[in-house]
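Colleague:
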Amino acid sequence: MAKKFKATTAGSLPKYGWLAETETLWPKWKVPENELWEKQKESAMLWIEEQEKSGLEIISEGEQFRIHFVHGFLKKIKGIDWNKKTKMGIRNDRYTVEVPTVVDVVSREESIHLKEAQVLREHTEQLTKFTLPGPMTITDTIANDFYSSKQEMAMHFAQLLNAEANELSQAGIDIIQFDEPAFNSFTNESVEWGIEALEIAIKNLDCKTAVHICYGYGIDENLRWKDSLGNQWNEYKTLFPALNNSNIDQVSLEFAGSKVPAELMRLLPNKEIMVGVITVVADHIETPEEVKLNIAEALKHVSKDQFIACSNCGMAPIPIETAKLKIKALGEGTKMANTVFLD
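Here the sequence shown stands for residues 42 to 384, where the numbers follow the numbering used here.
1) Can you name, in chain order, every residue of its own chain whose Cβ lies under 8 Å from the Cβ of glutamate 150, other than the five neighbours on each side?
2) Helix, strand or coil: which one does DSSP assign to histidine 253?
3) For glutamine 211, count neighbouring Cβ atoms within 10 angstroms of its own Cβ and tell me buried if that reaches 16, exposed if not.
4) With distances taken Cα to Cα, identify the nearest neighbour of aspartate 261 among Arg135, Glu83, Cys248.
5) Report the residue from Gly58, Gln92, Leu60 whose alpha carbon sits nearest the alpha carbon of isoleucine 368.
6) So, are the CB atoms of leucine 246 and alanine 206 less than 7 Å apart?
7) Please return the same chain residues whose Cβ sits closer than 6 Å to the Cβ of threonine 320, not counting the five positions on each side in sequence.
8) Classify asparagine 225 as buried or exposed, calling it buried when 16 or more other Cβ atoms lie within 10 Å of its own Cβ.
9) With a cut-off of 8 Å, do at least 3 Cβ pairs link the stretch 196-203 to the stretch 234-245?
10) Can you round the beta-carbon distance between aspartate 181 and isoleucine 131 to whole angstroms, since I take them to be within the 8 Å contact cut?
11) Where does threonine 180 fall in DSSP's three states?
12) Enumerate, from N- to C-terminal direction, the unbroken alpha helix (DSSP H) stretches of 4 or more residues contained entirely within the stretch 88-132.
13) On the CB-based measure, 16 or more other CB atoms within 10 Å of its CB, does leucine 383 come out buried or exposed?
14) Apart from the five residues on each side of it in sequence, which residues of its chain come closer than 7 Å, Cβ to Cβ, to glutamate 178?
15) Is the beta carbon of threonine 49 sitting closer than 7 Å to the one on leucine 87?
16) Just to confirm, is the Cβ distance from aspartate 186 to valine 144 under 7 Å?
17) Relative to the C-alpha of isoleucine 100, which candidate in Lys191, Glu90, Leu270 has its C-alpha closest?
18) State the Cα-Cα distance for the pair asparagine 379 and cysteine 351, rounded to the nearest angstrom.
19) Please report the distance separating the alpha-carbon of cysteine 248 from that of glutamine 159.
20) If you draw a straight line from the alpha carbon of asparagine 311 to that of proline 176, how long is it in whole angstroms?
21) Among the candidates Asp268, Trp234, Glu362, whose CA atom is the shortest distance from the CA of glutamate 193?
22) Which value, in whole angstroms, describes the spacing of the CA atoms of isoleucine 183 and alanine 43?
23) Does DSSP put phenylalanine 227 in a helix, in a strand, or in coil?
24) Mapping DSSP to helix, strand and coil, what is methionine 356?
25) Please state whether DSSP places aspartate 268 in a helix, a strand or coil.
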């Protein structure tokens with residue numbers, strides 16, 4: 042009999058309104074600095090409880106300690122000038138934001154997310170997952186005024202990520218996931234050097250490793266980009282063969298409500314696959330039956346031993362009650378799938 046299907050989220054979950062601004066990709070904290078850690082911790086613990094109550098069996102802290110999935114890591118990296126703002130296009134000019142600038146050799150002089158990982162590990166007996174930005178996505182979310190190329194900068198960041206990931210692994214985290222949405226924007230470069238940087242980031246880790254590659258949060262800029270991609274989204278077709286030959290253990294991908302050809306999952310026979318069976322748009326809340334049907338469709342192309350139920354992407358910008366209903370459906374739909382497909 043195949044192993045029981047597990048469910049998880051891709052990473053971020055919405056911030057509570059008393060902690061930060063809501064329904065925005067770059068929120069501001071609402072809590073004074075001297076109270077921030079305890080309030081972040083409270084928010085993380087509420088989300089840990091919510092995930093467990095919903096039946097998820099791979100639990101995260103929902104990125105409650107970070108304003109943004111990339112900049113949360115970068116805040117403690119030396120060599121970055123946060124006062125030198127550069128306006129640049131993100132994800133191949135999908136949208137433009139002002140970002141800090143690398144002005145010197147990047148270095149990591151202390152743990153960045155270790156305390157957060159310890160909160161997660163101490164407050165659940167389930168499997169744990171902690172997310173970090175991938176090296177290529179970092180280079181696409183920060184300006185470069187020092188290194189000769191994005192590739193060179195990515196390799197340096199990969200070494201810093203590896204040091205951080207090793208500490209998280211030693212703290213008892215079961216899965217460390219590197220978020221690489223930039224892979225879908227730069228498919229050729231991802232194969233040429235992005236996966237090489239990822240290999241540096243995961244080197245010698247004692248836990249399972251994952252890479253998350255999606256088509257972005259459910260925000261207007263990403264939705265317009267998706268509409269421009271036509272009737273089939275084939276970016277994974279370039280990426281998956283190279284990832285299948287990598288040392289990554291798991292691949293997290295977008296599927297539900299997308300135009301990703303389901304058969305592309307067959308290009309990952311050597312990997313566990315976290316299949317997005319719920320969307321991250323705010324205007325649709327899946328039923329457990331929908332989740333079960335999405336799982337059934339995925340299982341036409343993925344073995345039962347490979348399959349993990351997941352969200353398409355992080356849910357940071359959507360309303361908090363919507364996110365709660367979505368993960369409840371995710372847990373219940375996965376439970377239904379276990380009854381139907383594994384008995």
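Yeah, the Cβ is synthetic: ideal placement off N, Cα and C, and Gly gets one too.
Modeller: Quick look at the numbers:
1) Lys117, Lys119
2) strand
3) exposed
4) Arg135
5) Gln92
6) yes
7) Ala297, Gly298, Asn353
8) buried
9) yes
10) 6 Å
11) helix
12) 112-115
13) exposed
14) The sequence shown places threonine at residue 178, rather than the glutamate named in the question. The answer, listed in chain order, is Val111, Asp220, Glu221, Pro222, Ala223.
15) no
16) yes
17) Glu90
18) 14 Å
19) 15 Å
20) 23 Å
21) Trp234
22) 43 Å
23) coil
24) coil
25) helix
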